[in-house]
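In the numbering used here, the protein residues as written are 206 to 389.
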(Lines of atoms letter the chains of each structure in order from A and count residues from 1; the text may use other names and numbers.)
(Lines give C-alpha, C1' and ligand atoms only; values in the text may rest on other atoms or scores of the structure.)
Protein backbone atom coordinates (compact mmCIF):
# COMPACT_ATOMS: atom_id res chain seq x y z
CA UNK A 1 0.00 0.00 0.00
CA UNK A 2 1.32 3.47 -0.86
CA UNK A 3 1.94 6.15 1.78
CA UNK A 4 -0.96 8.07 0.25
CA UNK A 5 -3.32 5.12 0.71
CA UNK A 6 -2.01 4.49 4.23
CA UNK A 7 -2.73 8.12 5.20
CA UNK A 8 -6.25 7.99 3.73
CA UNK A 9 -7.01 4.63 5.36
CA UNK A 10 -5.81 5.83 8.76
CA UNK A 11 -7.94 8.96 8.43
CA UNK A 12 -10.98 6.90 7.43
CA UNK A 13 -10.29 4.61 10.41
CA UNK A 14 -10.58 7.55 12.82
CA UNK A 15 -7.17 9.21 13.06
CA UNK A 16 -7.09 12.98 12.83
CA UNK A 17 -5.93 14.49 9.55
CA UNK A 18 -2.55 15.39 11.06
CA UNK A 19 -2.10 11.94 12.62
CA UNK A 20 -2.98 10.22 9.34
CA UNK A 21 -0.31 12.11 7.41
CA UNK A 22 2.59 11.94 9.86
CA UNK A 23 1.96 8.32 10.86
CA UNK A 24 2.11 7.19 7.22
CA UNK A 25 5.69 8.52 6.91
CA UNK A 26 7.01 8.42 10.49
CA UNK A 27 8.75 5.04 10.57
CA UNK A 28 10.61 5.72 7.31
CA UNK A 29 11.94 8.89 8.95
CA UNK A 30 13.02 7.34 12.25
CA UNK A 31 9.94 7.97 14.38
CA UNK A 32 7.77 5.13 15.64
CA UNK A 33 4.07 5.26 14.83
CA UNK A 34 2.87 5.59 18.43
CA UNK A 35 5.14 8.58 19.08
CA UNK A 36 4.01 10.16 15.80
CA UNK A 37 0.38 9.73 16.86
CA UNK A 38 1.04 11.29 20.26
CA UNK A 39 3.05 14.22 18.87
CA UNK A 40 0.38 15.04 16.29
CA UNK A 41 -2.67 14.47 18.54
CA UNK A 42 -3.29 18.18 19.08
CA UNK A 43 -2.89 19.24 15.45
CA UNK A 44 -6.10 17.83 13.94
CA UNK A 45 -9.17 19.92 13.23
CA UNK A 46 -7.11 22.94 12.34
CA UNK A 47 -4.86 22.92 15.43
CA UNK A 48 -6.78 21.50 18.36
CA UNK A 49 -10.13 21.84 16.59
CA UNK A 50 -9.72 25.62 16.40
CA UNK A 51 -10.39 25.57 12.61
CA UNK A 52 -7.03 27.16 11.84
CA UNK A 53 -4.28 25.54 9.73
CA UNK A 54 -5.60 22.27 8.27
CA UNK A 55 -4.28 19.21 10.09
CA UNK A 56 -3.34 17.50 6.83
CA UNK A 57 -1.11 20.51 6.17
CA UNK A 58 0.43 20.55 9.65
CA UNK A 59 0.96 16.79 9.44
CA UNK A 60 2.86 17.33 6.19
CA UNK A 61 4.87 20.13 7.83
CA UNK A 62 5.91 17.70 10.57
CA UNK A 63 6.99 15.13 7.98
CA UNK A 64 9.06 17.78 6.19
CA UNK A 65 10.61 18.74 9.53
CA UNK A 66 11.51 15.11 10.24
CA UNK A 67 13.06 14.81 6.79
CA UNK A 68 14.90 18.14 6.61
CA UNK A 69 14.97 19.73 10.05
CA UNK A 70 17.69 19.74 12.62
CA UNK A 71 19.51 21.89 15.13
CA UNK A 72 21.71 23.55 12.54
CA UNK A 73 20.57 26.82 10.98
CA UNK A 74 20.95 25.38 7.48
CA UNK A 75 18.73 22.40 8.31
CA UNK A 76 16.03 24.66 9.73
CA UNK A 77 16.23 26.90 6.68
CA UNK A 78 15.81 23.90 4.40
CA UNK A 79 12.78 22.75 6.42
CA UNK A 80 11.30 26.27 6.25
CA UNK A 81 11.78 26.32 2.48
CA UNK A 82 10.10 22.95 2.07
CA UNK A 83 7.20 23.98 4.32
CA UNK A 84 6.69 27.16 2.28
CA UNK A 85 6.78 25.13 -0.94
CA UNK A 86 4.21 22.65 0.40
CA UNK A 87 1.97 25.49 1.63
CA UNK A 88 2.18 27.20 -1.75
CA UNK A 89 1.18 24.03 -3.60
CA UNK A 90 -1.68 23.18 -1.24
CA UNK A 91 -3.02 26.72 -1.11
CA UNK A 92 -2.70 26.97 -4.89
CA UNK A 93 -5.04 24.00 -5.25
CA UNK A 94 -7.53 24.93 -2.54
CA UNK A 95 -7.29 28.69 -2.02
CA UNK A 96 -6.54 28.43 1.69
CA UNK A 97 -4.67 26.52 4.37
CA UNK A 98 -7.36 27.19 6.96
CA UNK A 99 -9.69 24.42 8.06
CA UNK A 100 -12.70 26.74 8.35
CA UNK A 101 -12.20 28.03 4.80
CA UNK A 102 -11.68 24.54 3.38
CA UNK A 103 -14.77 23.16 5.13
CA UNK A 104 -16.93 26.25 4.79
CA UNK A 105 -17.79 26.13 8.49
CA UNK A 106 -16.10 26.75 11.82
CA UNK A 107 -15.49 23.47 13.63
CA UNK A 108 -14.40 25.32 16.76
CA UNK A 109 -18.12 25.71 17.50
CA UNK A 110 -20.69 23.01 18.27
CA UNK A 111 -22.77 24.32 15.35
CA UNK A 112 -19.85 23.95 12.95
CA UNK A 113 -19.14 20.41 14.11
CA UNK A 114 -22.82 19.57 13.58
CA UNK A 115 -22.62 20.94 10.01
CA UNK A 116 -19.62 18.67 9.34
CA UNK A 117 -21.60 15.70 10.62
CA UNK A 118 -24.89 16.55 8.88
CA UNK A 119 -23.26 17.24 5.51
CA UNK A 120 -20.72 14.41 5.62
CA UNK A 121 -17.83 16.85 5.25
CA UNK A 122 -15.27 14.58 6.92
CA UNK A 123 -15.57 12.07 4.08
CA UNK A 124 -16.62 14.57 1.41
CA UNK A 125 -13.95 17.23 1.99
CA UNK A 126 -11.43 16.11 4.61
CA UNK A 127 -10.65 12.70 3.10
CA UNK A 128 -9.82 14.21 -0.32
CA UNK A 129 -7.71 16.88 1.41
CA UNK A 130 -5.74 14.21 3.29
CA UNK A 131 -5.20 12.41 -0.02
CA UNK A 132 -4.07 15.58 -1.81
CA UNK A 133 -1.78 16.60 1.05
CA UNK A 134 -0.16 13.16 0.92
CA UNK A 135 0.13 13.38 -2.89
CA UNK A 136 1.87 16.76 -2.70
CA UNK A 137 4.13 15.46 0.06
CA UNK A 138 4.92 12.29 -1.89
CA UNK A 139 5.88 14.32 -4.96
CA UNK A 140 8.08 16.66 -2.94
CA UNK A 141 9.82 13.82 -1.11
CA UNK A 142 10.38 11.88 -4.35
CA UNK A 143 11.81 14.96 -6.09
CA UNK A 144 13.98 15.64 -3.07
CA UNK A 145 15.29 12.06 -3.02
CA UNK A 146 16.22 12.39 -6.69
CA UNK A 147 17.82 15.80 -6.12
CA UNK A 148 15.35 17.56 -8.41
CA UNK A 149 14.15 21.12 -7.92
CA UNK A 150 10.60 21.50 -6.71
CA UNK A 151 9.02 23.25 -9.69
CA UNK A 152 8.22 21.85 -13.08
CA UNK A 153 7.94 23.81 -16.30
CA UNK A 154 5.94 23.28 -19.45
CA UNK A 155 6.12 20.04 -21.35
CA UNK A 156 7.28 17.98 -18.37
CA UNK A 157 10.74 19.58 -18.40
CA UNK A 158 12.32 21.00 -15.30
CA UNK A 159 12.96 24.70 -15.47
CA UNK A 160 15.40 26.88 -13.61
CA UNK A 161 14.40 27.20 -9.99
CA UNK A 162 16.03 28.52 -6.89
CA UNK A 163 17.09 25.59 -4.78
CA UNK A 164 16.39 26.38 -1.15
CA UNK A 165 14.91 29.83 -1.68
CA UNK A 166 11.14 30.09 -1.88
CA UNK A 167 11.14 33.81 -1.05
CA UNK A 168 12.98 34.85 -4.21
CA UNK A 169 11.26 32.59 -6.73
CA UNK A 170 10.85 35.35 -9.32
CA UNK A 171 14.49 36.40 -9.44
CA UNK A 172 18.00 35.07 -8.92
CA UNK A 173 19.05 34.90 -5.31
CA UNK A 174 22.75 35.16 -4.59
CA UNK A 175 22.39 33.45 -1.23
CA UNK A 176 21.36 30.13 -2.76
CA UNK A 177 22.60 28.06 -5.64
CA UNK A 178 20.60 27.91 -8.85
CA UNK A 179 19.50 24.47 -9.96
CA UNK A 180 18.67 23.53 -13.52
CA UNK A 181 17.83 19.99 -14.45
CA UNK A 182 16.03 18.54 -17.43
CA UNK A 183 13.84 15.49 -17.15
CA UNK A 184 14.51 13.09 -20.00
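From the three backbone atoms N, C-alpha and C, an ideal C-beta is built for every residue, glycine too.
Whole-angstrom distance between residue j and residue i, CA atom to CA atom
| i | j | result |
| --- | --- | --- |
| residue 301 | residue 276 | 30 Å |
| residue 231 | residue 310 | 31 Å |
| residue 291 | residue 323 | 31 Å |
| residue 325 | residue 219 | 14 Å |
| residue 260 | residue 347 | 22 Å |
| residue 312 | residue 272 | 31 Å |
| residue 216 | residue 209 | 11 Å |
Beta-carbon spacing of residue i, residue j below 8 Å
| i | j | result |
| --- | --- | --- |
| residue 334 | residue 265 | no |
| residue 245 | residue 224 | yes |
| residue 321 | residue 308 | yes |
| residue 268 | residue 234 | yes |
Classification of residue i by the beta-carbon crowding that lies within 10 angstroms, buried from 16 upward
| i | result |
| --- | --- |
| residue 263 | buried |
| residue 241 | buried |
| residue 304 | buried |
| residue 228 | buried |
| residue 249 | buried |
| residue 329 | exposed |
| residue 280 | exposed |
| residue 283 | buried |
| residue 237 | exposed |
Residues near residue i by beta carbon distance below 8 Å, same chain, minus five either side
| i | result |
| --- | --- |
| residue 327 | 321 |
| residue 340 | 209 |
Given 8 Å, three or more beta-carbon pairs between the stretch 309-318 and the stretch 255-270: Segments in contact, yes.
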